[in-house]
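Chemist: Residue numbers (the numbering used here): 92 to 209.
Have a look at this one before I ask anything.
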């Protein structure tokens, strides 16, 4: 076990814990954590923006900055924004390289759905 599921308390393996941490970082508004006001990302502020190319660039930049700052176990190499779809949701696909221990250099792909009101 390398972590705990935030909802169920069940043990999580390495990659599942990283994925949970990335989602927590990206969906937490900056300023909302009492003892760590700078934790989180700008993504929640961008939820209702029109889906333009500049909006996608803002999402990419906000994702990369937050992950580089708060998740030392991975280093982002590519951020892909998927907008629209039938349900209108936006999701972030993150391609990264592991930076921790024996997994150093291993490529990983994670996906986070940006839910309204995140």
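No residue lacks a Cβ here, since even glycine has one placed at the ideal position from N, Cα and C.
As the structure is a prediction and not an experimental result, all values here were calculated from the model.
#1: So, with DSSP's three-state summary, where would you put residue 164?
#2: With DSSP run on the structure shown, which of helix, strand or coil describes residue 101?
#3: Apart from the five residues on each side of it in sequence, which residues of its chain come closer than 6 Å, Cβ to Cβ, to residue 131?
#4: Please list, in chain order, all residues of the same chain as residue 169 whose beta carbon is under 7 Å from its beta carbon, the five residues on each side excluded.
#5: Taking 8 Å as the cut-off, decide whether the C-beta atoms of residue 165 and residue 143 are in contact.
#6: On the three-state DSSP scale, how would you describe residue 156?
#7: Can you tell me where the beta strand (DSSP E) with residue 183 in it begins and where it stops?
#8: Where residue 116 and residue 193 are concerned, what is the direct C-alpha to C-alpha distance, given to the nearest angstrom?
#9: Per DSSP, residue 169 forms a beta bridge with which residues?
#10: Would the beta-carbon of residue 39 fall within 8 Å of that of residue 203?
Modeler: On the basis of the coordinates in this document:
#1: DSSP places residue 164 in coil when its eight states are reduced to three.
#2: Coil at residue 101, not helix or strand.
#3: These residues qualify, in order along the chain: 119, 120, 121.
#4: Beyond the five residues adjoining it in sequence on each side, residue 169 comes within less than 7 Å, by CB distance, of 186 in the same chain, given in chain order.
#5: No, the pair does not count as a contact, with Cβ atoms beyond the cut-off.
#6: Three-state result, residue 156: helix.
#7: It spans 181-189 - the beta strand (DSSP E) in which residue 183 sits, taken as one unbroken run.
#8: Each residue's alpha carbon lies about 24 Å from the other.
#9: Answer by DSSP bridge pairing, in chain order: 186.
#10: Because the chain spans 92 through 209 in this model, residue 39 falls outside it and cannot be assessed.
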